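A.B. asks:
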Amino acid sequence: MSLRRLSKILNNKDETHGGNGKGKSKTSLSFELIKVNRHGQKQSRTLNMTNDGLANMKGKNVQWFFPAKDVYCIQQHPDSSKLTLRVVKEYDFEAQTPQQANQIVTAFYDLYSEDLEKSYGQIPAPISVDASSQRDHPSPSSVKKEPVGLSFNDFEMLKLIGQGSFSKVCLVKKKDTGKLYAMKVLLKNELKKRNQVEHTNTERKILAKYQHPFLVKLHYSFQTQDKLYMCLEYVDGGELFYHLKRARRFPENLACFYAAEILLAINFLHSNDIVYRDLKPENILVDLQGHLKLTDFGLSKAGVTSMGGSTEGSKTRTFCGTPDYLAPEVIQGCPHGKAVDYWGLGVLLYEMLTGQPPFRGKNRNELYEQVLRMDVGFPEHVSANARSLVSALLTKKPEERLGAQKGEDVQNHPFFQGIDWQKLLDKQIEPPFKPIAATNAVIEQVISQQDMNQIMPSDDGAVTLGSSPSFSNFSYSSDSPITNGSSPTALKLSKIFDD
1 MSLRRLSKIL
11 NNKDETHGGN
21 GKGKSKTSLS
31 FELIKVNRHG
41 QKQSRTLNMT
51 NDGLANMKGK
61 NVQWFFPAKD
71 VYCIQQHPDS
81 SKLTLRVVKE
91 YDFEAQTPQQ
101 ANQIVTAFYD
111 LYSEDLEKSY
121 GQIPAPISVD
131 ASSQRDHPSP
141 SSVKKEPVGL
151 SFNDFEMLKL
161 IGQGSFSKVC
171 LVKKKDTGKL
181 YAMKVLLKNE
191 LKKRNQVEHT
201 NTERKILAKY
211 QHPFLVKLHY
221 SFQTQDKLYM
231 CLEYVDGGEL
241 FYHLKRARRF
251 PENLACFYAA
261 EILLAINFLH
271 SNDIVYRDLK
281 PENILVDLQG
291 HLKLTDFGLS
301 KAGVTSMGGS
311 TEGSKTRTFC
321 GTPDYLAPEV
331 IQGCPHGKAV
341 DYWGLGVLLY
351 EMLTGQPPFR
361 GKNRNELYEQ
371 VLRMDVGFPE
381 HVSANARSLV
391 SALLTKKPEE
401 RLGAQKGEDV
411 QNHPFFQGID
421 WQKLLDKQIE
431 PPFKPIAATN
441 AVIEQVISQQ
451 DMNQIMPSDD
461 GAVTLGSSPS
471 FSNFSYSSDS
481 PITNGSSPTA
491 LKLSKIFDD
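Be aware that the sequence shown starts at 1, since it is given in UniProt numbering, and climbs by one per residue.
#1: Are residue 360 and residue 367 closer than 8 Å when you measure CB to CB?
#2: Is residue 67 helix, strand or coil by DSSP?
#3: Between the alpha carbons of residue 53 and residue 64, how many angstroms are there, rounded?
#4: Taking buried to mean at least 16 other C-beta atoms within 10 Å of its own C-beta, is residue 320 buried or exposed?
#5: May I have the straight-line CA-CA distance separating residue 411 from residue 391, to the nearest angstrom?
#6: Leaving aside the five residues before and after residue 478 along the sequence, list all residues of the same chain whose C-beta is less than 6 Å from its C-beta, in chain order.
#7: How about residue 325 and residue 393: are their beta carbons less than 8 Å apart?
#8: Three or more beta-carbon pairs under 8 Å between the region 205 to 219 and the region 256 to 268, yes or no?
#9: Roughly how many angstroms separate the alpha carbons of residue 331 and residue 315, rounded to a whole number?
#10: Please state the DSSP three-state secondary structure of residue 109.
#11: Here's the rule I'm using: 16 or more other beta-carbon atoms within 10 Å means buried, otherwise exposed. How should residue 375 be labelled?
#12: Under three-state DSSP, which class holds residue 304?
#13: Alpha carbon to alpha carbon, how far is residue 187 from residue 207?
#14: Run through DSSP, which three-state label would residue 223 get?
#15: I need the DSSP call for residue 466, collapsed to helix, strand or coil.
#16: Could you say which of 99, 307, 197, 433 lies nearest to residue 299 if we only look at CA atoms?
#17: Touching or not, the region 229 to 237 and the region 302 to 314, by the rule of three or more beta carbon pairs under 8 Å?
#18: Helix, strand or coil, according to DSSP, for residue 422 in the structure here?
#19: With a threshold of 7 Å on Cβ separation, who are the neighbours of residue 227 within its own chain once the five nearest residues in sequence on each side are excluded?
#20: Given a cut-off of 8 Å on the beta-carbon distance, is the pair residue 329 and residue 340 in contact?
#21: Measuring alpha carbon to alpha carbon, tell me which of 82, 414, 408 ends up nearest residue 387.
#22: Just to confirm my understanding: we take residue 501, look at its own chain, exclude 5 residues before and 5 after, and list those with CB closer than 7 Å. What are they?
#23: Looking at residue 312 and residue 281, is the spacing between their C-beta atoms short of 8 Å?
#24: To the nearest angstrom, how far is it from the Cα of residue 172 to the Cα of residue 201?
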């Protein structure tokens, strides 16, 4: 067996000297074994352990190195020579014999117990062939940590496709599958400065828990020491804002189709006591088939049961949203509920039909005055049914607004006559417009060094284990089973309106 025996190594230590002149023992252990990659392929490797960290060697070349602070645990499969090493992700190895595997586990904990206790407070328990050789450590399940999974290094960054004041959105490709995702990168410090921690956690929870044909899907989320990453479904037709700006205004049949799909998404959220609060063309994506996806749930609020106004139930009173789309009750600072989304739908529909928002002012105060006091006016080309629906949605008092009694009332309005809602939900209705794949709807942006600093992890791209209490349990993978209510393909309208 090609192994520098543990007893010899531990008795043959290098002496290093610090400034105080006291010697510090340094241990170096090497094991020849087989590394099993994610595709099941076997590769001859040398696993080198020192006090400084752990390296995977291919001959004299270092394939990867993890410092001791990033090492979590190593587990031997029962009655087997197979090992699973957990650092910032998992690596599988095969030792030459079960006895060698057991020696590697023993050496691992001899070297790294102190670092494990510093990093995690407790030491994860090894799984060993010889139960009598196990240390008396707590179970790994008792250690609070983020799930070990994906990291930034699992993705290839292709281009920058969007950015905000404390976030960037990149088009990325997952290296092992080649699939494209929109990766949203958020800076933790900026989120804390702007009091956006709760909003960000709410967005992650909503996207992980609920799926719907007209909501963008979250595939993965993870974090590093200073950043959060959310890998979302890449919707390649661009923002509705881009298409509306290009067309100036939509024909009524297209505006009706878009309003109907957004209405189903909003009613689905409301059925789960979620108010969206940021409905606008910039937050709506168009796929290449012509269907819409609602995205950006940073201002959404869960646990809201009231429509607002004088209606019963729990409300929220945070002043948030985009000025052109704010409902009167939000501007007035009143407790508000789900009816703010129907106001937003009214503004959006008006904008799609006319190319302009219904209320305009030279400054924000003038805009708010119009929202609170003025009735909406319409150009001549807007049909009577469209005027009726927009006016009903833009009713000043939330309890009197269309949809305040039940969302189904909006669907039953004559403007939507002829729409088979179940077929629309199942995407069996042909969209009136399909974007062309070669369009510039997804606008590429030049990536500056500052952009790169805000996108790339400051560390090695690793998932941070339990180091950020503000974002605990942030990691997520759609590849794992989740509880998300109904399957999107099995959604029925009757469920949306069940009380």
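Beta carbons: idealized from backbone N, C-alpha and C, even for Gly. It should be emphasised that the depicted structure is a prediction, and the values quoted were computed from it without experimental measurement.
C.D. replies: Taking the coordinates as given:
#1: Closer than 8 Å, so yes.
#2: Residue 67 falls in the strand class under three-state DSSP.
#3: C-alpha separation (whole angstroms): 11 Å.
#4: It counts as exposed.
#5: Distance between the alpha carbons of residue 411 and residue 391: 15 Å.
#6: Around residue 478: 219.
#7: Result no, Cβ atoms of residue 325 and residue 393 do not sit closer than 8 Å.
#8: These segments touch.
#9: Whole-angstrom Cα-Cα distance: 15 Å.
#10: Helix at residue 109.
#11: Looking at its Cβ environment, which holds fewer than 16 other Cβ atoms inside 10 Å, residue 375 is exposed.
#12: For residue 304, the three-state secondary structure derived from DSSP is coil.
#13: About 19 Å.
#14: Strand at residue 223.
#15: Caution applies to residue 466, whose pLDDT of 41 falls short of 50 and renders its modelled position unreliable; the model cannot decide the point.
#16: Closest option to residue 299, Cα to Cα, is 197.
#17: Contact fails: fewer than three Cβ-Cβ distances are below 8 Å.
#18: Correct three-state label for residue 422: helix.
#19: The beta carbon of residue 227 lies closer than 7 Å to those of 185, 186, 187, 188, 457 in the same chain, with the five residues before and after it left out.
#20: Going by C-beta atoms, residue 329 is nearer than 8 Å to residue 340.
#21: Residue nearest to residue 387 within the set 82, 414, 408 is 414 (criterion: CA-CA distance).
#22: A question about residue 501 goes unanswered here, because the residues of the chain that appear run from 1 up to 499.
#23: Not a contact, by the Cβ cut-off of 8 Å.
#24: Near 22 Å, if we compare the C-alpha coordinates of residue 201 and residue 172.
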